[in-house]
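Colleague: According to my numbering, the sequence shown is numbered sequentially starting from 13.
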Amino acid sequence: MAPGTTRLAPVPDREALLRLSVDPLNRFYRYPLARLLVRPLVRTPVTPNQVTWLHMAVGLVAAWFVTRGTHGGLLVACVLYELRMILDCLDGVLARAKKIDSPFGRAADEAADIATFLALLVAIGFHERSAGRGLAALPWIAAAFVTIAAIAGAYAYYRRKFSSALRTGTDAVRGEFLAHYERIRSGRGGVLSRLSFAIDWLELSVLSPGSASSWMREEAEGRAKTGEVSEEVRSLIERSGSRRIRWVLVLVSLLCGDNALFLIHVGLAAGFPVLGLALAIGYGWIVFAFALAATVSFLRVPARRQPAPT
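1) Excluding the 5 residues flanking residue 272 on each side, which residues of the same chain have their C-beta closer than 7 Å to its C-beta?
2) How would you call residue 146, buried or exposed, if buried means at least 16 neighbouring beta carbons within 10 angstroms?
3) For residue 280, which residues of its own chain have a beta-carbon under 8 Å away from its beta-carbon, when the five flanking residues on both sides are left out?
4) For residue 76 and residue 251, what's the separation of their Cα atoms in angstroms?
5) For the 8 Å Cβ check, are there 3 or more pairs between the region 205 to 220 and the region 164 to 178?
6) So, residue 106 versus residue 70, is the Cβ gap smaller than 9 Å?
7) I need the straight-line Cα distance from residue 305 to residue 56, nearest angstrom please.
8) Report buried or exposed for residue 203, applying the criterion of at least 16 other Cβ atoms within 10 angstroms of its Cβ.
9) In terms of alpha-carbon separation, which member of 290, 299, 310, 298 lies closest to residue 258?
10) Out of 115, 270, 192, 157, state which residue places its alpha-carbon closest to the alpha-carbon of residue 95.
11) Assign residue 113 to buried or exposed, taking buried as 16 or more other Cβ atoms, counted over all protein chains shown, within 10 Å of its Cβ.
12) Quick check on residue 143: buried or exposed, where buried means 16 or more other Cβ atoms within 10 Å of its Cβ?
13) Which stretch, first to last residue, makes up the alpha helix (DSSP H) that contains residue 217?
14) Would residue 139 be called buried (16 or more neighbouring beta carbons within 10 Å of its own) or exposed?
15) Alpha carbon to alpha carbon, how far is residue 378 from residue 83?
16) Please name the residue, chosen from 254, 231, 312, 51, that lies closest to residue 323 on a Cα-to-Cα basis.
17) On the three-state DSSP scale, how would you describe residue 180?
18) Identify, in the order they occur along the chain, each residue of the same chain with its Cβ nearer than 6 Å to the Cβ of residue 308, setting aside the five sequence neighbours on each side.
19) Please classify residue 221 as buried or exposed, where buried requires at least 16 other C-beta atoms within 10 Å of its C-beta.
20) Report all residues from its chain with a CB closer than 6 Å to the CB of residue 266; omit the five preceding and five following residues, and keep chain order.
21) Here's a check: name, in chain order, each residue in its chain whose Cβ is nearer than 7 Å to the Cβ of residue 127, leaving out the five neighbours to either side.
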């Protein structure tokens, strides 16, 4: 296939491959339960957005139980948080079953996830203070926030990269970045757009070193096309049948923030919320390091060059 091609053929077994990037707890436990629950809901007036608001409410109630400062309250909170995560899977399953998936629904789901996560961290702070430990938990809370934000961002980035490559033969990350960069260059981007672009650039600098500078240089020289396939995606598709891509996708699945949240839930059940934070922090950075090294190494293998036409 010629280097200038803007779209490659999608990978035949792409969905089986992409399922490997779904985190284990959701893949083997929460989504199967959600699919069982969705059957009686499909023919009811219940909407995915209502399920979203419900799982947010459950998460906020769980946070209140954490603040009570008792082991019994922590156990109830642990159960409620796991229920919330099952419902978090259910809203997406229900949306697909009813064919009413929408950008608003996805945004509402993300907002609910963020709200319940922040409520959990605040609740742990109140719990530790009521136990007479003052603000001693604050560094752990801050570190847990940074850790989960980092691995969740990396998970979303790599899922987007692999999904667009395997499903459509394109590089969604590159296309979105170049479109955003063009708005900034043309003067159509305001303060928020510039801030968002700076965040995108920082993300690329960590997760795909050198890509941002290379793409901006190509755009400035007029050599870039928003829909053009990057070298990373071309190489990825060429090796989509390899065993290595499967291991890389499994490592990507471990980046999901839900894995770290589960460890916090374990800490709640044990009666030691700060222990849960410590487990989540350690897990997050170990997985981040391994997944980053494996994924960058995998994507940096050059694609085979097609022979020039004679």
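The beta-carbon is built from N, C-alpha and C at its ideal position, and this holds for glycine as well.
Modeller: On the basis of the data shown:
1) 159, 160, 163, 292, 295, 296
2) exposed
3) 78, 86, 87, 89, 90, 93, 288
4) 49 Å
5) yes
6) no
7) 47 Å
8) exposed
9) 310
10) 270
11) exposed
12) exposed
13) 203 to 219
14) buried
15) Given that the chain is displayed from residue 13 to residue 322, the structure contains no residue 378 and the question cannot be resolved.
16) Residue 323 lies beyond the range of the chain shown here (13 to 322); nothing can be said about it.
17) helix
18) none
19) exposed
20) 299
21) 68
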